[in-house]
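Shown next, in structure tokens, is the structure this report addresses.
Protein chains: 2
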Amino acid sequence: MREVAAACGMTVGNLYYYFASKDELLAFCQEAAMGRLHHLAHCVELRNDLDADGQLFFLVLGHVVCLNEAFPGSLAHTQIEDLPAAWRDRIVSARDLYEAQWRAVVGRGVERGLFEVADEKVATMAMLGAANWTVKWYRPDGERSAYEVGEQFARQLVRGLLTDAAQWQPPTIDVDELNRIFDRDDSVASHAALAKRN
Amino acid sequence: MREVAAACGMTVGNLYYYFASKDELLAFCQEAAMGRLHHLAHCVELRNDLDADGQLFFLVLGHVVCLNEAFPGSLAHTQIEDLPAAWRDRIVSARDLYEAQWRAVVGRGVERGLFEVADEKVATMAMLGAANWTVKWYRPDGERSAYEVGEQFARQLVRGLLTDAAQWQPPTIDVDELNRIFDRDDSVASHAALAKRN
DNA sequence: AATAAATTCGAACCGTGGTTCAAAACGAAA
DNA sequence: TTTCGTTTTGAACCACGGTTCGAATTTATT
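Taken in sequence, the protein lines are chains E and P. If you count the first sequence from 1, you need to add 582 to reach my numbering. If you count the second sequence from 1, you need to add 582 to reach my numbering.
Set out below in structure tokens:
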């Protein structure tokens, strides 16, 4: 907590004025991160023009970006075990709800014959796992932006489910809309991401 | 350390007779786990009869099984950050070597036109990430064995790379050989896994 | 059986990090 | 300017977990 306070330019006593405990702070950050993910899932859900493959594409892309582009994204699915049960149950519930949204998209794809999946839960966990693990290795100063990593992940992971990958085209990407979805307010970052892509 | 000692049926002083520090114990477990993964990669490498897709399939399957079927598999790629630099560098080197082996298989698949990959490193990290994240959610008492999860992951993740998924068939699985690869000495477990599949 | 080596134990040390709290400082309102 | 509410501080408490070590016990060797 002293380190966190120092990083924020304050002292530990000050930090305790705002958060009763380290657990509360951690849970707060996790909830903030989960909130962004739920926002993502909600925006994707509203995209009725997209079929399951397109929606899943944006879920993967968005997830990777949310986790890696800004603090406290990386806390969304990590360190949950560190919390006492009272806090943890809440985060776990939110997480499970979010996962259910992914699974619903996968299920829809299966129903419509777009996806071929043996077990929807396991298939979803494979994709979420890949996206979550980016927290462990992604570095903002690396070769690729979170956006680029997310996009490649989305292509790869959606293709893993497709019944007919040969005919598949990833959805069109509208950067302004993505910024709204990701709640990004830094247009410099979005243009940098575009420039890096071209 | 007291808990670990208690779990082993000894006291903490006893445990310190064998390991100079908690870091040494952790590194020891991690190296053991990495050793199994390197064994897996080596066995897969010897399978010259398999093309890149088949080899990748067994890498994914084997990785999930190694991490989840027996202690200390789950420590192979986790808690590395917890170690001081001296220890950590060694584990990281072994991990990087192992990852390079995955990447080599992916690279071969690309050369032979089996795989279509924008960035081999990112593609590999997606698959490894999915497999590593199983540590977070897989439960031995769950609905599926590590073997089953690993197999479904392998199908899904390999398909995500395939140039022509429509014609693809996963490799034939020889359980006895897998037991040798995974260094499993429990034939009951392997038969249970087979029975569950059928 | 005696001796040496190996293993185990129990109690204690101690640094780290979570937490507390009275007092000081700051900002807002009257 | 004074008063009140809010924020910040610095020092200290204390539990926890990593670690130590002399003594006791067990095992192996002669």
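The beta-carbon is built from N, C-alpha and C at its ideal position, and this holds for glycine as well. Predicted model, so just to flag it, every value in this text is computed and none were measured.
Report yes if the CB atom of residue 638 of chain P is closer than 8 Å to the CB atom of residue 757 of chain P, and no otherwise.
-> no
Using 10 angstroms around the beta-carbon of residue 618 of chain E, count the other beta-carbons present and answer buried if the total reaches 16, otherwise exposed.
-> buried
Output the distance between the C-alpha atoms of residue 615 of chain P and residue 653 of chain P, rounded to the nearest integer angstrom.
-> 8 Å
Determine the contact status of residue 696 of chain E and residue 635 of chain E, defining contact as a CB-CB distance below 8 Å.
-> yes
Hey, is residue 716 of chain E's beta-carbon within less than 8 Å of any beta-carbon in chain P?
-> yes
Output, in chain order, the set of chain E residues within a Cβ distance shorter than 7 Å of residue 653 of chain P.
-> What residue 653 of chain P touches in chain E: nothing, since even the nearest Cβ is about 17 Å away.
Does DSSP classify residue 775 of chain E as helix, strand or coil?
-> Because residue 775 of chain E sits at a pLDDT of 47, beneath the cut-off of 50, its placement in the model cannot be relied upon, and the following sentence gives the value as read from the coordinates. Residue state, collapsed to three classes: helix.
List in chain order: all unbroken alpha helix (DSSP H) runs of 4+ residues lying wholly within the segment 667 to 701 of chain E.
-> Segments of the alpha helix (DSSP H) lying fully in the segment 667 to 701 of chain E: 667 to 693.
Determine the direct distance from the alpha carbon of residue 743 of chain E to that of residue 691 of chain E, and round the result to whole angstroms.
-> Linking residue 691 of chain E to residue 743 of chain E through their CA atoms gives a straight-line distance of about 9 Å.
CA-to-CA distance, residue 585 of chain P to residue 751 of chain P, given in whole angstroms | 47 Å
Nonlocal neighbours in the same chain, by C-beta distance under 8 Å from residue 583 of chain E, ignoring five residues either side = 594, 597, 598, 604, 607
Between the Cα of residue 724 of chain E and the Cα atoms of E/651, E/644, E/745, E/627, which residue gives the shortest distance?
-> E/651
When the cut-off is 8 Å and only beta carbons count, does residue 683 of chain P lie next to chain E?
-> no
Which whole-angstrom value is the C-beta distance of residue 706 of chain E and residue 717 of chain E, which I expect to be below 8 Å?
-> Wrong, their Cβ atoms sit about 18 Å apart, outside the cutoff.
Chain P within 8 Å of residue 631 of chain E, Cβ atoms only | no
Express the C-alpha separation of residue 747 of chain P and residue 620 of chain P in angstroms, rounding to a whole number.
-> C-alpha separation (whole angstroms): 28 Å.
For residue 755 of chain P, which residues of its own chain have a beta-carbon under 6 Å away from its beta-carbon, when the five flanking residues on both sides are left out?
-> none
What is the residue span of the alpha helix (DSSP H) that residue 728 of chain P lies within?
-> Per DSSP, residue 728 of chain P is one residue of the alpha helix (DSSP H) stretching across 728 to 741.
Alpha-carbon to alpha-carbon, residue 683 of chain E and residue 726 of chain P = 22 Å
Would you please verify whether the beta carbon of residue 719 of chain P is less than 8 Å from any beta carbon of chain E?
-> yes
Residue 707 of chain E: contacting residues in chain P (beta-carbon distance under 7 Å) = Chain P residues near residue 707 of chain E: 719.
Check each candidate in E/674, E/712, E/681, E/749 and name the one with the smallest Cα separation from residue 613 of chain E.
-> Nearest C-alpha to residue 613 of chain E among E/674, E/712, E/681, E/749: E/674.
Can you tell me the Cβ-Cβ gap for residue 702 of chain P and residue 685 of chain P, rounded? I've got them flagged as a contact below 8 Å.
-> Contact between residue 702 of chain P and residue 685 of chain P holds, with the beta-carbon distance rounding to 6 Å and staying under 8 Å.
Report buried or exposed for residue 591 of chain E, applying the criterion of at least 16 other Cβ atoms within 10 angstroms of its Cβ.
-> exposed
Using a Cβ cut-off of 8 Å (strictly closer), state whether residue 761 of chain P contacts chain E.
-> No - not a single Cβ of chain E is within 8 Å of the one on residue 761 of chain P.
Buried or exposed: residue 623 of chain E, going by 16 or more other Cβ atoms within 10 Å of its Cβ?
-> buried
Just to confirm, are residue 649 of chain P and residue 609 of chain P a CB contact at a threshold of 8 Å?
-> no
Does residue 608 of chain P come within less than 8 Å of chain E when only Cβ atoms are used?
-> no
Would you tell me roughly how many angstroms separate the C-alpha atoms of residue 588 of chain P and residue 601 of chain P, rounded to the nearest one?
-> 15 Å
Which class does residue 641 of chain E belong to by DSSP, given the choice of helix, strand or coil?
-> helix
Examine chain E for any beta-carbon lying closer than 8 Å to the beta-carbon of residue 626 of chain P, and answer yes or no.
-> Judged by the 8 Å Cβ criterion, residue 626 of chain P is not in contact with chain E.
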